[in-house]
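K.L.:
And the structure:
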């Protein structure tokens with residue numbers, strides 16, 4: 059019963075974080091990119107092109123385009139999309155519609171002057187917000203759909219990476235702004251590539267930071283107590299290595315632990331509580347694969 063309650067609370071927490079991320083992404087687009095006529099990639103970029111050409115709300119376009127892509131993917135890929143993807147698509151559409159209704163100028167609220175009226179700065183901020191938001195959603199098992207779905211369908215029949223497919227599609231979407239935007243056509247395309255670069259960098263930054271792992275070596279006179287607490291509280295494996303101190307000439311157990319970087323403070327707290335005189339080193343590892351970490355891929 060406790061496990062079920064804990065699982066439910068963890069799932070609710072994921073949905074709350076995904077919702078916040080989608081709100082951040084919509085704010086980045088409607089507050090900084092769309093009012094400044096700066097285009098990015100993905101379905102949001104297509105929706106923005108439609109908005110510039112017809113005036114149709116980006117929220118409606120995002121929902122319709124993603125809905126069509128999901129229906130096609132169900133035929134091509136099968137029912138491989140979870141409820142989080144459908145939830146993300148619906149919430150993103152809602153946030154785009156609501157925010158665009160209230161934000162008509164770059165961060166213009168009522169009679170307030172815009173906080174940012176520089177086009178380049180808007181491209182940086184909007185791209186950073188969108189990229190960070192997408193990265194956060196990915197870490198919680200969510201997805202914004204869009205070109206990710208197209209990439210998965212293409213990769214099913216062609217030996218090409220999803221990243222290259224998404225990059226190719228984003229370039230085409232941004233290049234199409236040349237035929238929609240009335241003035242500063244080349245400048246708009248350049249700003250679009252800036253948004254694409256910043257967005258991609260922020261996604262990688264969030265995902266890399268979330269997966270980053272550390273390796274700790276713990277020299278302590280209480281190895282059993284420290285190892286037991288790490289295994290019980292953190293559910294991490296501990297390896298005992300026999301070692302001899304050169305100065306003391308005494309044998310002892312050295313504990314080796316590999317864990318996520320965000321959990322390193324927990325290890326430090328356990329070691330300090332069990333043996334304040336312990337000696338410990340901690341290093342960042344290039345990658346950790348296997349149970350409890352990233353899966354080993356072919």
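Residue numbers (this note's numbering): 59 to 356. All C-beta atoms in this analysis are idealised placements derived from N, C-alpha and C, irrespective of residue type, glycine included.
In the DSSP assignment, find the unbroken beta strand (DSSP E) run with residue 314 in it and report its ends.
P.N.:
That run of the beta strand (DSSP E) goes 309 to 318.
K.L.:
By Cβ distance below 7 angstroms, which residues in the same chain neighbour residue 281 in space, the five residues on each side in sequence not counted?
P.N.:
These residues qualify, in order along the chain: 298, 311, 313.
K.L.:
Would you call the CB atoms of residue 100 and residue 228 closer than 8 angstroms?
P.N.:
Yes, the Cβ-Cβ distance between residue 100 and residue 228 is below 8 angstroms.
K.L.:
Between the Cα of residue 322 and those of 342, 89, 150, spot the shortest distance and give me the residue it belongs to.
P.N.:
Of the candidates 342, 89, 150, the one whose C-alpha sits nearest the C-alpha of residue 322 is 342.
K.L.:
Sort 238, 224, 276 by Cα distance to residue 296 and report the nearest one.
P.N.:
Of 238, 224, 276, the residue nearest in Cα terms is 276.
K.L.:
Determine the direct distance from the alpha carbon of residue 194 to that of residue 121, and round the result to whole angstroms.
P.N.:
Roughly 21 angstroms between the two C-alpha positions.
K.L.:
Which residue wins for smallest C-alpha separation from residue 188, given the options 224, 111, 176, 255?
P.N.:
When each option's Cα is compared against that of residue 188, the closest is 255.
K.L.:
With DSSP as the reference, please indicate the residues paired to residue 271 in a beta bridge.
P.N.:
318, 343, per the DSSP bridge assignment.
K.L.:
CA-CA distance, residue 84 and residue 78?
P.N.:
Spanning the two alpha carbons is a distance of roughly 10 angstroms.
K.L.:
Quick one: using the 10 Å Cβ neighbour count with 16 as the cut-off for buried, is residue 127 buried or exposed?
P.N.:
The residue is buried, with at least 16 neighbouring Cβ atoms inside 10 Å.
K.L.:
Take residue 246 and list the residues in its own chain whose beta-carbon comes closer than 8 angstroms to its own, dropping the five residues that flank it on each side.
P.N.:
95, 96, 97, 235, 236, 239.
K.L.:
Report back the beta-carbon spacing between residue 185 and residue 257 to the nearest angstrom; my notes put them in contact at under 8 angstroms.
P.N.:
That pair is a contact at about 5 angstroms.
K.L.:
Roughly how many angstroms lie between the CA atoms of residue 134 and residue 208, to the nearest whole one?
P.N.:
Rounded to whole angstroms, residue 134 to residue 208 spans 10 angstroms at the Cα level.
K.L.:
Near residue 178, which residues of its chain fall below 8 angstroms by C-beta distance, leaving aside the five closest residues on each side in sequence?
P.N.:
Hits under 8 angstroms: 249, 252.
K.L.:
Cα separation between residue 81 and residue 153?
P.N.:
Using only the alpha carbons, I get a separation of about 6 angstroms.
K.L.:
Specify, as a first and last residue, the run of the beta strand (DSSP E) that residue 299 falls within.
P.N.:
Here the beta strand (DSSP E) through residue 299 covers 297 to 302.
K.L.:
What whole-angstrom Cβ distance do residue 146 and residue 200 have, given they're in contact under 8 angstroms?
P.N.:
Contact holds; Cβ gap of about 5 angstroms.
K.L.:
How big is the Cα-Cα spacing for residue 265 and residue 192?
P.N.:
Near 10 angstroms, if we compare the C-alpha coordinates of residue 192 and residue 265.
K.L.:
Let me make sure I understand the geometry here. Which of 259, 279, 67, 182 has the alpha-carbon closest to that of residue 334?
P.N.:
Residue 334 has its Cα closest to that of 279, out of 259, 279, 67, 182.
K.L.:
Residue 108 and residue 231: beta carbons closer than 8 angstroms?
P.N.:
Contact: no.
K.L.:
May I ask you to report which of helix, strand or coil DSSP gives residue 92?
P.N.:
Residue state, collapsed to three classes: coil.
K.L.:
Check the DSSP bridge columns for residue 277 and list the partner residues they point to.
P.N.:
According to DSSP, residue 277 bridges with 312, 337.
K.L.:
Less than 8 angstroms between the CB atoms is what I'm expecting for residue 292 and residue 324, so what's the real figure, rounded?
P.N.:
With 8 angstroms as the limit, residue 292 and residue 324 qualify as a contact, their Cβ atoms being about 6 angstroms apart.
K.L.:
From 328, 161, 196, pick the residue whose C-alpha is nearest to that of residue 263; which is it?
P.N.:
Selected option, being the one with the closest Cα: 196.
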